[in-house]
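Engineer: Structure incoming, see below.
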Amino acid sequence: MFDNQRLEAVDIHGEIPEKEPERQYYYMKKCREWAEEKKRQIGRPLTVSIQTLGCQMNARDSEKMEAVLEYIGYEPVEEPVADFVLYNTCTVRENANLKIYGRLGYLKNQKEKNPDMRIALCGCMMQEADEVERVRKSYPFVDIVFGTHNIYKLAELFYLQIQSEGRVMDVWEKEGEIVEDLPGRRKYSFKTGVNIMYGCNNFCSYCIVPYVRGRERSREPQDILEEIRGLVEDGVTEVMLLGQNVNSYGKTLKEKLTFAELLRKVNQIDGLQRIRFMTSHPKDLSQELIEAMGDCEKVCRHLHLPLQSGSSVVLQKMNRRYTKEDYLALVEKIRKKVPDISLTTDIIVGFPGETEEDFEETLDVVKKVRYDSAYTFIYSKRSGTPAAAMEGQVPQEVVKARFDRLLKVIQGISAEITASRLNQTVEVLFEEVNSQDSTLITGRLSNNAIVHCPGTSDRIGQILPVKLTESKGFYYMGEIVSGSS
Ligand code: 5AD
Ligand code: SF4
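Adding 114 to a residue's 1-based position in the sequence shown gives its number in the working numbering.
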């Protein structure tokens, strides 16, 4: 865990520490000294804007980087332009990459107006050699580039950049050590993500993640538990255990521990109220885990279980290692143990070779499982993945038509499920004041559904009983049950 005393103990006039995290503490302090001088010179505060694309893992990485930059002396702002603009990129689908290049064009003009502006790119897209090359050649105004494996080195890279006033590019091909104990920051004071593992070994044939996030590495359970205990002491009531494939947690540990065992240990932490986790691969979801989910009262009644396709033929080409029947049987086992669970999923439409019959298999699974909601994606060709070289890429107009049909079915089911819970009273963790209507506060049910209720900001962070009064398709309007404190 981050310990301020260890940071205080680092002497910036002494030798540069070799060991982490002391080495980063050293650079954080050096950068802070520089930033203080800079602020004096320009007579105003320095600001940082972190723009995060992609998944929960990126969101958590961004929280960590924000904490380092805040320590250095940068004030976080929501606006896209600041003295330091950091893009934490995603490359799962191509349109995320295109978005970044579009943003860079805009930032170039902004930088010409502000000589103190620095631009950094990090994250998954920067683990791709072609993209780094493109930035190197065509975007000379980008000051710092780093990947997913050395995010913890932000302060060191920043210091190198301010010293040299040149550009710093440091992308590691392979994953390195897991460095912990850097300061943490949270978007919400009462909930946060906790990494339990990094990387992925599954190599689904369409997916670039194993190439950019490296091999699977699990954190030591005692480090995870200690981190969560510290978070709870600091006011956190809900944690989301994060990993690309949490069900295979523990396989790389010297002393083996399964994800189910970890979940039971987390469930015992006093003061913690809700546990979520993301993402589960169906092939690794064990009976042991199903039992643990049913037994652990703090584990939320929600499971995100990516289907990707309902066709066993497509699933095989995707290298998912389960069939349609395996998936449906798994859902049945889960529902038997945890009857009130909400299931959500990810589905890809238009995978190479997907026929009308294959697509109908997907619709069939959607209708049988009845997901509370689903993220649907149009297949995006990622170079370097096996699927990119597969025959039978599906024409855009066919994909689009299937995508729309799928969405309609999902939305219809989602609305029916939402409506079926009307008038129930459920526990809700309130997260924020509604951005569109400040008389409303927004919270989440255990099953991850969203509800808006009349209320005031002092309720944020509390878990309160709420009566669901109106269903709006995939979210609710509700009322806090009076008498609750
Ligand atoms: N094209 C479309 N969707 C993809 N996903 C991953 N790779 C691709 C791709 N190449 C989706 C999967 C995964 C989610 C995070 O992103 O559905 O579960
Ligand atoms: Fe990608 Fe498959 Fe790993 Fe998920 S499990 S990150 S889809 S390779």
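Glycine residues also receive a C-beta, built at the ideal position from the N, C-alpha and C atoms.
Scan the region 498–562 and note each continuous alpha helix (DSSP H) run of 4 residues or more that stays entirely inside, going in chain order.
Structural biologist: Whole alpha helix (DSSP H) segments, 4+ residues: 510–534.
Engineer: Where does Ala234 land, buried or exposed, given buried means 16+ other C-beta within 10 angstroms?
Structural biologist: With 16 or more Cβ atoms within 10 Å of its Cβ, Ala234 is classed as buried.
Engineer: Hey, how far is the Cα of Gly464 from the Cα of Glu511?
Structural biologist: If I take the Cα positions, the gap works out to 10 angstroms.
Engineer: Return the CA-CA distance between Ala374 and Cys204, expressed in angstroms with no decimal places.
Structural biologist: Ala374 and Cys204: Cα-Cα distance of roughly 29 angstroms.
Engineer: Within its chain, find whatever has a CB closer than 6 angstroms to the CB of Val547; leave out the 5 residues flanking it on each side and keep chain order.
Structural biologist: Once the five neighbours on either side are set aside, the close Cβ partners of Val547 are Ile555, Ser571.
Engineer: Any idea which residues DSSP pairs Glu593 with across the strands?
Structural biologist: According to DSSP, Glu593 bridges with Lys581.
Engineer: Using a Cβ-Cβ cutoff of less than 7 angstroms, which residues in the same chain neighbour Gly187 once the five nearest sequence positions on both sides are dropped?
Structural biologist: Arg146, Ala149, Glu150, Lys153, Leu160.
Engineer: For Glu193, which of helix, strand or coil comes out of DSSP?
Structural biologist: In the structure shown, Glu193 sits in coil (DSSP, three-state: anything other than H, G, I, E or B).
Engineer: Look at the Cβ atom of Gly467, then the Cβ atom of Val427, and state whether they are nearer than 9 angstroms.
Structural biologist: The answer is yes: Cβ separation under 9 angstroms.
Engineer: So what's Ile265 in DSSP terms, helix, strand or just coil?
Structural biologist: Helix at Ile265.
Engineer: Within 8 angstroms: the Cβ of Asn359 and any heavy atom of the ligand SF4?
Structural biologist: Answer for Asn359: yes, Cβ within range of the ligand SF4.
Engineer: Return yes when the Cβ of Phe304 is within less than 9 angstroms of the Cβ of Gly575, no when it is not.
Structural biologist: Yes, Cβ-Cβ distance for Gly575 and Phe304 is below 9 angstroms.
Engineer: Using the three-state DSSP reduction, which class does Gln387 fall into: helix, strand or coil?
Structural biologist: Gln387: coil per DSSP, three-state reduction.
Engineer: May I ask you to list the residues that DSSP assigns as paired with Pro568?
Structural biologist: According to DSSP, Pro568 bridges with Leu554.
Engineer: Is any heavy atom in the ligand ZN found nearer than 8 angstroms to the beta carbon of Cys314?
Structural biologist: No copy of the ligand ZN occurs in the structure displayed; its ligands are the ligand 5AD and the ligand SF4 alone.
Engineer: Do the region 413–425 and the region 386–405 meet, that is, are 3 or more Cβ pairs less than 8 angstroms apart?
Structural biologist: Yes: the two stretches touch, three or more of their Cβ pairs being nearer than 8 angstroms.
Engineer: Using DSSP with H/G/I as helix, E/B as strand and the rest coil, what is Glu136?
Structural biologist: Reduced to three states, the DSSP call for Glu136 is helix.
Engineer: Does the ligand 5AD have even one heavy atom less than 8 angstroms from the beta-carbon of Phe304?
Structural biologist: Not under cutoff, so the answer is no.
Engineer: Start and end of the alpha helix (DSSP H) containing Arg232?
Structural biologist: It is not in any alpha helix (DSSP H) - Arg232 instead sits in the beta strand (DSSP E) that spans 232–237.
Engineer: Decide if Asp220 is buried, meaning its Cβ has at least 16 other Cβ atoms within 10 Å, or exposed.
Structural biologist: Checking the sequence shown, residue 220 turns out to be Tyr, not Asp. Counting Cβ neighbours within 10 Å, Tyr220 comes out exposed, since fewer than 16 surround it.
Engineer: Helix or strand or just coil, what does DSSP make of Thr372?
Structural biologist: Coil.
Engineer: With a CB to CB cut of under 6 angstroms and the five nearest residues on each side skipped, what residues in its chain are close to Lys573?
Structural biologist: Just to set this straight, residue 573 is Arg in the shown sequence, not Lys. Excluding residues within five positions, the ones whose Cβ falls inside 6 angstroms are Phe544, Ile555.
Engineer: On the three-state DSSP scale, how would you describe Ser176?
Structural biologist: In the structure shown, Ser176 sits in a helix (DSSP, three-state: H, G or I).
Engineer: Give the DSSP-derived three-state secondary structure of Gln277 in the structure shown.
Structural biologist: Helix at Gln277.
Engineer: Have a look at Pro194 and Gly157 and give me their C-alpha separation to the nearest angstrom.
Structural biologist: Near 22 angstroms, if we compare the C-alpha coordinates of Gly157 and Pro194.
Engineer: Tell me, which residues are paired with Thr469 by DSSP?
Structural biologist: Partner(s): none; Thr469 has no beta bridge.
Engineer: What do you get for Phe317, buried or exposed, if any count of 16 or more other CB atoms within 10 angstroms of its CB means buried?
Structural biologist: Phe317 is exposed by the Cβ-count criterion.
Engineer: Between Met317 and the ligand SF4, is the CB less than 8 angstroms from at least one heavy atom?
Structural biologist: Before going further, note that residue 317 is Phe rather than Met in the sequence given. Yes, since a heavy atom of the ligand SF4 falls inside the 8 angstroms radius drawn around the Cβ of Phe317.
Engineer: Give me whichever residues DSSP pairs with Ala488 in a beta bridge.
Structural biologist: Answer is Thr459, bridged to Ala488.
Engineer: By a C-beta neighbour count over all protein chains shown, 10 Å radius and 16 as the cutoff for buried, is Lys133 buried or exposed?
Structural biologist: It is exposed - the Cβ of Lys133 has fewer than 16 other Cβ atoms within 10 Å.
Engineer: Just to confirm the assignment, what range does the beta strand (DSSP E) spanning Glu226 have?
Structural biologist: No beta strand (DSSP E) holds Glu226; the alpha helix (DSSP H) holding it covers 208–227.
Engineer: Rounded to the nearest angstrom, how far is the Cβ of Thr73 from that of Tyr485, given a contact under 8 angstroms?
Structural biologist: Nothing in the structure corresponds to residue 73, since the chain is present only between 115 and 599.
Engineer: Measuring only from the beta carbon, is Gln422 closer than 8 angstroms to any heavy atom that is part of the ligand SF4?
Structural biologist: Yes; taking the cut-off as 8 angstroms, the Cβ of Gln422 has a heavy atom of the ligand SF4 nearer than that.
Engineer: Can you tell me the Cβ-Cβ gap for Leu356 and Arg174, rounded? I've got them flagged as a contact below 8 angstroms.
Structural biologist: Rounded, the Cβ-Cβ distance is 6 angstroms, consistent with contact.
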